[in-house]
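One structure below.
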Amino acid sequence: MDADQALRQVEQLVIAQTGERLSELQQTILRQVWLGSKYFDIADAYGCTEGHAKDVGSDLWKLLSQILGEKITKKNLRQVLTAHRHGSVPPEQAYRPDFVGRHQAIHRLSHLNQQGATAIAIQGEGGLGKTTLAQQYLQSQNFEIVLELLMAKEPDNITSVQRVVEEWLTRDLHEEPGLEFGISLDRLKRHLQQRPIGVLVDNLEPALDQQGLLIGKHRQYVELFRVLTDPRNLGLTLVTSRDRICEASFNLHHYRLSGLDVEAWQQYCQLQELTIDLKVLEQMHQAYGGNAKAMTLLCGSIRSDFGGDAAAFWQDQQQDLLVAADLHYLINNQIDRLQQLDPQAYQLFCRLGCYRYQTLATLSKTGVLALLWEVPVTQRRASLMSLQNRSLIECRQGRYWQHPVTRAAAIARLQPSPDWQQAHRHAAQYWSDSVQTLATTQDALQALEAFYHYKAIQDYPQAAAVLLQVRQNQWQQYLSLGSSLYRMGLHQSLVGELPSLMAHLPCDRSYCELQNILADYYWSTGQIRQGIALQKDSLSLSTQALTAPDLDLRHHRHFQIQVLDSHLSLGLYYLDLWELEHSAHCFQQVIEIATQTDQDHWIPKASICLALVLTHLGKTEQAQQLATKAWGERLPKTEQAARLAFFMQLLGQTYTALGDLSSAHALFEQALTVAEASHYPHIQARTLTGRAVIHRLQNKFAAAVTDHDQAIALLQPLNATCDLAEAYFQWGLTYQAMHQICDRNQAFHQATQLFTVMDAPCQVQRVLACTTLP
Numbered sequence: 002m003d004a005d006q007a008l009r010q011v012e013q014l015v016i017a018q019t020g021e022r023l024s025e026l027q028q029t030i031l032r033q034v035w036l037g038s039k040y041f042d043i044a045d046a047y048g049c050t051e052g053h054a055k056d057v058g059s060d061l062w063k064l065l066s067q068i069l070g071e072k073i074t075k076k077n078l079r080q081v082l083t084a085h086r087h088g089s090v091p092p093e094q095a096y097r098p099d100f101v102g103r104h105q106a107i108h109r110l111s112h113l114n115q116q117g118a119t120a121i122a123i124q125g126e127g128g129l130g131k132t133t134l135a136q137q138y139l140q141s142q143n144f145e146i147v148l149e150l151l152m153a154k155e156p157d158n159i160t161s162v163q164r165v166v167e168e169w170l171t172r173d174l175h176e177e178p179g180l181e182f183g184i185s186l187d188r189l190k191r192h193l194q195q196r197p198i199g200v201l202v203d204n205l206e207p208a209l210d211q212q213g214l215l216i217g218k219h220r221q222y223v224e225l226f227r228v229l230t231d232p233r234n235l236g237l238t239l240v241t242s243r244d245r246i247c248e249a250s251f252n253l254h255h256y257r258l259s260g261l262d263v264e265a266w267q268q269y270c271q272l273q274e275l276t277i278d279l280k281v282l283e284q285m286h287q288a289y290g291g292n293a294k295a296m297t298l299l300c301g302s303i304r305s306d307f308g309g310d311a312a313a314f315w316q317d318q319q320q321d322l323l324v325a326a327d328l329h330y331l332i333n334n335q336i337d338r339l340q341q342l343d344p345q346a347y348q349l350f351c352r353l354g355c356y357r358y359q360t361l362a363t364l365s366k367t368g369v370l371a372l373l374w375e376v377p378v379t380q381r382r383a384s385l386m387s388l389q390n391r392s393l394i395e396c397r398q399g400r401y402w403q404h405p406v407t408r409a410a411a412i413a414r415l416q417p418s419p420d421w422q423q424a425h426r427h428a429a430q431y432w433s434d435s436v437q438t439l440a441t442t443q444d445a446l447q448a449l450e451a452f453y454h455y456k457a458i459q460d461y462p463q464a465a466a467v468l469l470q471v472r473q474n475q476w477q478q479y480l481s482l483g484s485s486l487y488r489m490g491l492h493q494s495l496v497g498e499l500p501s502l503m504a505h506l507p508c509d510r511s512y513c514e515l516q517n518i519l520a521d522y523y524w525s526t527g528q529i530r531q532g533i534a535l536q537k538d539s540l541s542l543s544t545q546a547l548t549a550p551d552l553d554l555r556h557h558r559h560f561q562i563q564v565l566d567s568h569l570s571l572g573l574y575y576l577d578l579w580e581l582e583h584s585a586h587c588f589q590q591v592i593e594i595a596t597q598t599d600q601d602h603w604i605p606k607a608s609i610c611l612a613l614v615l616t617h618l619g620k621t622e623q624a625q626q627l628a629t630k631a632w633g634e635r636l637p638k639t640e641q642a643a644r645l646a647f648f649m650q651l652l653g654q655t656y657t658a659l660g661d662l663s664s665a666h667a668l669f670e671q672a673l674t675v676a677e678a679s680h681y682p683h684i685q686a687r688t689l690t691g692r693a694v695i696h697r698l699q700n701k702f703a704a705a706v707t708d709h710d711q712a713i714a715l716l717q718p719l720n721a722t723c724d725l726a727e728a729y730f731q732w733g734l735t736y737q738a739m740h741q742i743c744d745r746n747q748a749f750h751q752a753t754q755l756f757t758v759m760d761a762p763c764q765v766q767r768v769l770a771c772t773t774l775p
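Taking this note's numbering, the leading residue of the sequence shown gets 2, the next gets one more, and so forth.
So, in structure tokens, the structure goes:
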């Protein structure tokens, strides 16, 4: 097994148990540890501290130890994973050919049996293969005989326990039953304690009530199970059930069976002579949670209905995960039973379908219980336990989720009900209430979930309110969620969402704010002309609103700020288009308006921006005056630096252009420290580009290239077209200074392509002018 195979194996285990994928750093650590690298080398290659790599590695080993049931360390990783992959199991010939992917389960059953367990309950949702596993395992062991009891699917049809014991004694054990049930049980007990006998009690859940106890009509089964679970028995009893068995008098070990891993699905497909693209297979596997029954049904449908074309099948199937009749029955049969036995838990199950389980793949217990809003708090936990005991919700380390196919069944029942609207509203409220400060990307993504809930029920004003809700963020600013998402580089998914949202809103204050936010999104992704159009429209609406005779003071101040913000944003947009005269005019407008009102704090920001534009226009004396004033009077203190990092790096660019490299370097270093500490990727990248220019001017080319590389690596996944185009241009200038013309031309080509996409002809001319230089 190589490093990539080990990584796939671990990812499948983690996804099956937690529903979440490994982070990029976790993947790097696992692969490099497999190859024998030390933490120092891993940290150096990834670009983090050695201490951070060790912390992440330690958490990963703890997680794997919990999943595999034995201690995992950096030293024994290869040994344990290799053993786990091949497993200590009976020979393959003991099992039928299509029995795949259960090495770990067989190993676990053997381990429990070796530790003294004489009765094990295999629990899991329908279709996992509980019965197949139990049958195959019992048949592979050296039992003299295997007794089987298949419980009826309906409680009224369950065979009486007296008849079951009589049948076992007469047909299988060749002994007459007693005249009384107790005598028959004693005779069965004697056989179990004197001979190695295997017993399978299959599909027990119809005989269980809401609490996981045997139903009153068949309480005599308690006596049978006391005999079957006696620790003095020489054989092994396996019980399969969708529901957890909660009879305290049973000496029963529980084993929660998980879905098959994707490698097992792949192996099964190969046995069925089907060739399926791994990416498509992984999507199918994830959607159905590795369910064994789903695997067989899907492969059959691919062969019979789609001529073996798995891609065409999945394109059609993924829109309706329950389209297969057998699978539909399998899932809904269990849900119908829940509805009958535990209506409150059924209600929770259906409501849980409103959660997306996408960006945030799991929920906290609070998030789950928030959907039982009409139930007293003290009674809510029982419903959650009911779902867990019936394997209708997944749980790992206090986090909960529904598999896509289970969620599809929940949504099908929730959508037509009155709970549809209420469930989404309470879920949205939970997400909003769970975040007080946007200190991390996780906080921002968590707060954003509320937006999707309101969108799902077409409550567009509330969806807009989620994006406009102001919280303190990690830069010590009180900004809307929409603006904070932009600063964190998490706004890309909303670029397509906001226009459709705004189409359903009136042209009021909220609409203007969203225009401003969307314009910044467009600016970041290189759609500057669209951003300019939005800002101009917002500016017009805000200016018009200020003339309203009945406008109160609070709203007057708000629209005044909107006007200043739009002018400042337009100045920055024009700067990235290299339309410098337009840019300078916009910044001058901010200064004039702020001077005439009580918005003095806008003046330093606009002055810093204007100073940079003036350096590009060759007006160095004016630029120097503005920069000196900004540096002398507004040098950010530590607690202010987080809020002003963007303007610090702009001021750094100005001082670079003015030749004051010492002041520029100080500003860049301060901005970089803030950006790295607070996950502000745009600023981090822009600052690295600015520092690379200083290195170039000082002929420190190796350091310059390193900074260029890091800046571009940060910007590429953000789709930050404007900043990326400038980064490539400056990179090209560095290669030009190094007389590496081929590399220069390649970097300039990249910059020109991006500037062309941005519809920035002045920027294209700027690059071409440098290209003609030797």
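Note that beta-carbon positions come from the ideal geometry of N, C-alpha and C, so glycine has one too. Only a predicted model underlies this, so the values are computations on that prediction, with no experimental measurement involved.
Requested in this report: Work out the CA separation of L201 and E224 for me, nearest whole Å.
Outcome: 16 Å
**Report entry** Cutoff 7 Å; reference Y40; Cβ partners in own chain excluding five residues on either side
**Finding:** E51, A54, K55, G58
Report task. Assign A4 to one of three DSSP states: helix, strand, or coil. Result -> helix
Requested in this report: Taking the CB atoms as reference points, tell me whether L323 and A424 lie closer together than 7 Å.
Outcome: no
Query raised in the report: For chain D, is any of its Cβ atoms less than 7 Å away from the one on S511?
Result: No chain D appears in the structure shown, which is made up of a single protein chain.
Requested in this report: For H219, I'd like the list of residues in its chain whose CB is within less than 8 Å of its CB, leaving aside the five on either flank, ordered along the chain.
Outcome: P156, I159, S161, V162, A208
**Report entry** 4-residue-minimum alpha helix (DSSP H) runs that sit fully inside the segment 239-326, ordered along the chain
**Finding:** 263-272, 279-288, 293-306, 311-318
Query raised in the report: What are the partner residues of E395, as DSSP defines its beta bridges?
Result: W402
Report task. Out of L569, L613, H583, state which residue places its alpha-carbon closest to the alpha-carbon of I592. Result -> L569
Query raised in the report: Apart from the five residues on each side of it in sequence, which residues of its chain come closer than 6 Å, Cβ to Cβ, to M739?
Result: F702
Requested in this report: Could you spell out where the beta strand (DSSP E) holding Y479 opens and where it closes?
Outcome: 479-481
Report task. Return the Cβ separation of I121 and L239 in integer angstroms, given the expectation that the two are a contact with Cβ distance under 8 Å. Result -> 6 Å
Query raised in the report: Between E670 and Q685, what straight-line distance do the alpha-carbon atoms span, to the nearest angstrom?
Result: 10 Å
Query raised in the report: Cβ of F452 within 7 Å of Cβ of V471?
Result: no
Query raised in the report: Helix, strand or coil for E149 per DSSP?
Result: strand
**Report entry** Close beta carbons around L150, own chain, < 6 Å, minus the five adjacent residues each side
**Finding:** V165, V202
Requested in this report: Measure the C-alpha to C-alpha separation of L542 and V406 and round it to an integer number of angstroms.
Outcome: 47 Å
Report task. Count the other C-beta atoms from every protein chain shown that fall within 10 angstroms of the C-beta of T379, then say buried if there are 16 or more, exposed otherwise. Result -> exposed
Query - Terminal residues of the alpha helix (DSSP H) in which V436 lies - result: Careful: V436 lies outside any alpha helix (DSSP H) and carries neither H nor E.
Query raised in the report: Which residue comes first and which comes last in the beta strand (DSSP E) that contains G236?
Result: First-last for G236: undefined, no H or E at that position.
Report task. Drop a sphere of 10 angstroms on the beta-carbon of Q115, count the other beta-carbons inside from all chains shown, and report buried for 16 or more, exposed for fewer. Result -> exposed
Query raised in the report: Between T753 and V765, which are expected to be in contact by the criterion C-beta below 8 Å, what is the C-beta distance as a whole number of angstroms?
Result: 6 Å
Query raised in the report: Can you tell me the Cα-Cα spacing of H602 and A595, whole angstroms?
Result: 8 Å
Report task. For the alpha helix (DSSP H) containing N474, list its first residue and its last residue. Result -> Per DSSP, N474 belongs to no alpha helix (DSSP H); it is in the beta strand (DSSP E), 471-474.
Requested in this report: Taking L769 as part of the alpha helix (DSSP H), name the residues at either end of that continuous run.
Outcome: 762-772
Report task. Confirm, please, whether the CB-CB distance from W432 to Q447 is below 7 Å. Result -> yes
Query - Cβ-based neighbour list, L148, same chain, cut-off 6 Å, excluding 5 preceding and 5 following - result: W169, D173, V200
Query raised in the report: Between A721 and H683, which are expected to be in contact by the criterion C-beta below 8 Å, what is the C-beta distance as a whole number of angstroms?
Result: 6 Å
**Report entry** Other residues of its chain near L636: CB distance less than 6 Å, five sequence neighbours each side excluded
**Finding:** Caution applies to L636, whose pLDDT of 48 falls short of 50 and renders its modelled position unreliable; the value that the coordinates give is listed next. Excluding sequence neighbours, L636 sits near nothing in its chain.
**Report entry** Same chain, Cβ closer than 6 Å to L61, neighbours up to 5 away in sequence not counted
**Finding:** Q27
Requested in this report: Select from A293, G37, S567 the residue whose C-alpha is nearest the C-alpha of K76.
Outcome: G37
Report task. Starting from the C-beta of Q340, find all residues in its chain whose C-beta is less than 8 Å away, skip the five residues before and the five after it, and write them out in chain order. Result -> Y347
Query raised in the report: Which word fits T688, buried or exposed, when buried means at least 16 other C-beta atoms lie within 10 angstroms of its C-beta?
Result: buried
Requested in this report: Starting from the N-terminal side, write out each stretch of the alpha helix (DSSP H) that is 4 residues or longer and does not extend beyond the segment 94-143.
Outcome: 104-115, 131-141
**Report entry** Backbone CA spacing between P197 and L237 [nearest angstrom]
**Finding:** 8 Å
Query raised in the report: Is the Cβ-Cβ distance between Q437 and R245 less than 7 Å?
Result: no
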